Structures are given as structure tokens and as C-alpha cells.
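Asker:
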Amino acid sequence: MGQHEKTTIGTAWIVGGAGIGWLVSGALSGLMLAHQIRLPTQFTRMLFPETISMRTWQLAQPWPILLSLFSVLAVMALTLLLLRGAGMRAGRPPLGFLATWMSIVLAGFATATLSSLGYAVASWPPARLAWLLDGIQPALLAAGYWGIVWGWLPALAGILAMKSEKRLAGPKSVRRPVDGMPLLIAGLLAVILVVTIPAAYTYTEETVTPQAAPPPPATPSPTPYGWPDRSDAFQPAKDNWCAGEEVSISWHEPEGATGHRGMGFDLTNTGTRPCVLESYPDIAFNNAEGWAIEVLVVHGGSFMTDDPGVSIITLPPGKSARAYLGWNAMAAAGDVRTGTMLVAPYSGTLRHSSQVDLDIIDGGAVSVTAWEPVLEPAGSNKSTRPKP
Numbered sequence: 001m002g003q004h005e006k007t008t009i010g011t012a013w014i015v016g017g018a019g020i021g022w023l024v025s026g027a028l029s030g031l032m033l034a035h036q037i038r039l040p041t042q043f044t045r046m047l048f049p050e051t052i053s054m055r056t057w058q059l060a061q062p063w064p065i066l067l068s069l070f071s072v073l074a075v076m077a078l079t080l081l082l083l084r085g086a087g088m089r090a091g092r093p094p095l096g097f098l099a100t101w102m103s104i105v106l107a108g109f110a111t112a113t114l115s116s117l118g119y120a121v122a123s124w125p126p127a128r129l130a131w132l133l134d135g136i137q138p139a140l141l142a143a144g145y146w147g148i149v150w151g152w153l154p155a156l157a158g159i160l161a162m163k164s165e166k167r168l169a170g171p172k173s174v175r176r177p178v179d180g181m182p183l184l185i186a187g188l189l190a191v192i193l194v195v196t197i198p199a200a201y202t203y204t205e206e207t208v209t210p211q212a213a214p215p216p217p218a219t220p221s222p223t224p225y226g227w228p229d230r231s232d233a234f235q236p237a238k239d240n241w242c243a244g245e246e247v248s249i250s251w252h253e254p255e256g257a258t259g260h261r262g263m264g265f266d267l268t269n270t271g272t273r274p275c276v277l278e279s280y281p282d283i284a285f286n287n288a289e290g291w292a293i294e295v296l297v298v299h300g301g302s303f304m305t306d307d308p309g310v311s312i313i314t315l316p317p318g319k320s321a322r323a324y325l326g327w328n329a330m331a332a333a334g335d336v337r338t339g340t341m342l343v344a345p346y347s348g349t350l351r352h353s354s355q356v357d358l359d360i361i362d363g364g365a366v367s368v369t370a371w372e373p374v375l376e377p378a379g380s381n382k383s384t385r386p387k388p
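Counting along the sequence shown from 1, when you hit position 174 you're at 174 in the UniProt record's numbering, and nothing is skipped either side.
Here you go:
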């Protein structure tokens, strides 16, 4: 096999391996976080970096599949472009392992930059200007980290495929004209990736826009049955945990941006002794008619919220902690919206309830963050998304 064929096969290993690694890492990260596979969030993101943003999987079909495909193709095209730019062409000696590895790292970083630009365009105008760049830094860090942790595998496979045991003497290679095809393909995919993300958001917004519900039949309704004031899922309390009887709960106004929703709620120690929080809140929902509804509650952050994770928080009397509720806008046509939200410090203790008006319906899904300390007086205005 000549050097020309070896270089072609090695390049295919590098480009194809980079694309497959990018897709596998993003898909497994989204699967583990969305389905609460019993691994810590930090460990999941360390093992499988979020190369494909969680926001992608929250869009209406078929956009998650299409955007994932465009993202993979962009990584592959940019990897090929960088390899060609660094001098890897058929008939030439292969690049060194480190140069090839760095090409994959830079290709992933560039793809994350393009995706972040698309999400920034899709979110324009933002509800708050400071939110516009919130998701860009984590995306770039995840892409760079992926290239360092996993990018060496396709680089090593490609270099080994191109390695020649004995180089045969032959005529000097003729300088070939620069092939502009990789640049054209990479540029086209970059434009597609940036443009299709706003289109996906627009499609999702139109799909989930609530339609006018038909008037209910004029028949008497039975007495509604809501969730009990204590969860059946009992969580053993540790020493000095804040019981529901010695706290108060207050709710913020919900906020929204590009089809996403978020709302904070505060817990204040109304007892006479310090108490401890070390859990996620226990939450439940009744609809506007008073009936209990089934809503999937996921522990973690969302597009509008960041989860700090569970930590030990000691609340002196009068001090407060805060948690955040995040969800996507739900198509509520024919369904009754949430009218009451119930919150307890942890599962098994007394729940507090308040009337709310949220587009959360039976069968929906929400995310809730762990309790975190409130650094300003309880009840003061603060944006739904906490600052990192």
C-alpha cells in the first residue's frame, strides 16, 4: 500500500473518529442527565462532556436529530480543513500525533463557537441582556475538554494507519494546487449550523404555543383531590434538619425566555434555633381545579436555571435559602394549567402551598435545583437564573 492510500485511510480514521466521538459524548451526556441515571452530574460531565447542548434535546422533533447531525458534520469538516491547512495531504508525510490531536481540539472548539452563536441569535432579544452569553462559556469549555479527553483516540488511530514501516524511494512529489473543497464544505456547514438553530427555536415556539381551550361542559364536577400535605416518599432527616413546621415558603414571579420558563422560591427559618438544609426541595402540583397532577420532577438545572448541587446549609433564625424551578413551555390546549404548587424542605416533612398560574400540565416535566443560601434579604427581586 502506497503512502497516498495510507494517508487517505488515516485521514478517514481521524475525521470519522472525531465525528463519532463528538456524537457519542453529546448523546450519552444528554441521556444520563435527562433520565437521571444514578451518576453524579459532575462525574457525568467529566466522563462525557456536553458536546451537544442540552437545549438541543429540548427542541421539537425533528430538530434535535438534524442539529446533532449538522454539529457532527461540522466537527468532521473542520477537522479535515485543519488537517489540510497543517499540510496533511495524500502523498505527503503524516502530521505528528500532537499536531493531529490539536486539530481535533480546535475543530470541536470551533463547532461549539458556531452552535453558541446560533443559540445567541435564537435568544435575541433576550429577556435580560446579561443572559445572552450565559451558555457560551460552558459550551466552549466542554468542547475543549472533550478534545483533550477523547480527541487523542482518533488522532492516534489515524497516525497508526498512516505509519509506514519502510518508506520507498521515489520521485519527488509534485506540488499540488490547494484543494478548496474542505474550506467550502466547512463554510457551508458553519452557515447551516448557525442558521438552523434559530429556525428550530421558531418551530418549537409555534408548536408549543397554547391554543384556546374549548369551553368545559356544563356538568357538575366531583370534589377535587389534591396532593397530601406530606409526601409518601419519605426521606430520613438528619440531625437539625429544617422541618416544614419551622419554616415559611415564599414564591417569586415566573419568568420566560424563548419557550423556557423559570421561577424561584425561598425558604425562611421561622423557628428559634438554627436548622440545616441538605437536600433538594420536595415539590408537587395541583391543577387550577384542585386535582393532583403527575409531573416528572428532575433534580438539576435547565435553560433558565443552574443547579449548585446539594450542600450543607445552616440557616440561623430569620435567614433564607432559595431553589429554582425550570421547565419548557407546554402545549396546554385541552389541559388545565397548574393552579397550586406545594413545596417542602425535603420529602416527608410538611409541605407549604401557594396559588400560582403556571403552564405546567399533567404529564409534563420540570427541573428543580438544590437549596442554596440567599445572599440578600428574602423577597428581594432577583433574576430567575442565578449568576454562576
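Cβ coordinates follow ideal geometry from the N, Cα and C atoms, glycine included.
Note that the structure is predicted; figures quoted are calculated from it, not measured.
1) Nearest-angstrom Cα distance between G259 and T204?
2) Evaluate G318 with the Cβ neighbour count: other Cβ atoms within 10 Å of its Cβ, from every protein chain shown; 16 or more gives buried, anything less gives exposed.
3) In terms of residue numbering, what span does the alpha helix (DSSP H) encompassing L160 cover?
4) Quick one, which of M102, M263, E246, S123 has its alpha-carbon nearest Y145's?
5) Have a look at I52, L59, G158, I159 and flag the residue whose alpha-carbon is nearest the alpha-carbon of F109.
6) State yes or no: is the beta carbon of G364 nearer than 8 Å to at least one beta carbon in chain C?
7) On a Cα-Cα basis, can you pick out the residue from V295, P281, I360, L350 that is closest to A370?
8) Which two residues bound the contiguous beta strand (DSSP E) that contains R322?
9) State the start and end residues of the unbroken alpha helix (DSSP H) segment that holds V276.
10) Please say whether T207 and A77 have beta carbons closer to each other than 8 Å?
11) Have a look at the DSSP bridge pairing and note the partners of P373.
12) In the DSSP output, what is N286 paired with across the bridge?
13) Relative to the C-alpha of N240, which candidate in V276, G16, A190 has its C-alpha closest?
14) For E255, which beta-bridge partners are listed by DSSP?
15) My guess is that G301 and S367 are in contact by the Cβ rule of under 8 Å, so how many angstroms apart are they, rounded?
16) Select from D306, H252, L358 the residue whose C-alpha is nearest the C-alpha of V336.
17) Buried or exposed: where does L315 fall if 16 or more other Cβ atoms within 10 Å of its Cβ makes it buried?
18) Using a threshold of 8 Å, state whether the C-beta atoms of I14 and A155 are closer than that.
19) I'd like to check one pair, L350 with G244: are the Cβ atoms closer than 8 Å?
20) Taking S104 as part of the alpha helix (DSSP H), name the residues at either end of that continuous run.
21) Going along the chain, which residues of its own chain have a beta-carbon closer than 7 Å to the beta-carbon of M330, five neighbours each way excluded?
22) Tell me which residue opens and which closes the alpha helix (DSSP H) that V366 is part of.
23) Let's see if you can read the secondary structure: which residues bound the beta strand (DSSP E) around V356?
Answerer: Reading from the atomic positions:
1) If you number the sequence shown from 1, residue 259 lands on position 259. If you number the sequence shown from 1, residue 204 lands on position 204. Computed Cα separation, rounded: 8 Å.
2) Your numbering for residue 318 matches position 318 in the sequence shown. Result: exposed.
3) The count along the sequence shown starts at 1 and reaches residue 160 at position 160. Looking at the DSSP string, the run of the alpha helix (DSSP H) that includes L160 is 152 to 162.
4) Sequence index remark: in the sequence shown, residue 145 carries index 145 (1-based). The shortest C-alpha separation from Y145 is found at M102.
5) As a first step, residue 109 is located in the sequence shown; it is residue number 109 there, counting from the start. The shortest Cα separation from F109 among I52, L59, G158, I159 belongs to I52.
6) Chain labels in this structure do not include chain C; a single protein chain is all it has.
7) One-based indexing of the sequence shown puts residue 370 at position 370. Ranking V295, P281, I360, L350 by Cα distance to A370 puts P281 first.
8) Taking the sequence shown and counting its residues from 1, one reaches residue 322 at position 322. Residues 320 to 328.
9) Translated into the one-based positions of the sequence shown, residue 276 becomes position 276. Counting along the chain, V276 falls outside any alpha helix (DSSP H), though it belongs to the beta strand (DSSP E) covering 275 to 277.
10) As a working note, residue 77 is residue 77 in the sequence shown. As a working note, residue 207 is residue 207 in the sequence shown. No, these two residues do not count as a Cβ contact at 8 Å.
11) Sequence index remark: in the sequence shown, residue 373 carries index 373 (1-based). DSSP output for P373 lists A321 as bridge partner(s).
12) By 1-based counting over the sequence shown, the position of residue 286 is 286. A292, T340.
13) As a working note, residue 240 is residue 240 in the sequence shown. Here the closest residue by C-alpha is V276.
14) To locate residue 255, count along the sequence shown from 1; it is residue 255. According to DSSP, which records beta bridges pairwise, E255 is partnered with G262.
15) Working through the sequence shown from its first residue, we reach residue 301 at position 301. Working through the sequence shown from its first residue, we reach residue 367 at position 367. So it is a contact: roughly 6 Å between Cβ atoms.
16) Position 336 of the sequence shown, counted from the start, is the residue given in the question as residue 336. Ranking D306, H252, L358 by Cα distance to V336 puts L358 first.
17) The residue you call residue 315 lines up with position 315 of the sequence shown. By the neighbour-count rule (16 or more Cβ atoms within 10 Å), L315 is buried.
18) Here residue 14 refers to the residue found at position 14 when the sequence shown is read from its first residue. Here residue 155 refers to the residue found at position 155 when the sequence shown is read from its first residue. Contact flag set, yes.
19) For this step, residue 244 is matched to residue 244 along the sequence shown. For this step, residue 350 is matched to residue 350 along the sequence shown. Contact flag set, yes.
20) In the sequence shown, residue 104 corresponds to position 104, counting from 1. The question names Ser, but residue 104 in the sequence shown is Ile. Note, I104: alpha helix (DSSP H), 97 to 122.
21) Looking up residue 330 in the sequence shown gives position 330. Within the same chain, M330 has close Cβ partners V208, D359, I360, I361, G364.
22) Residue 366 sits at position 366 when you count from the first residue of the sequence shown. Here V366 belongs to no alpha helix (DSSP H); instead the beta strand (DSSP E) covers 365 to 368.
23) Counted from its first residue, the sequence shown places residue 356 at position 356. 352 to 358 is the span of the beta strand (DSSP E), which, as asked, contains V356.
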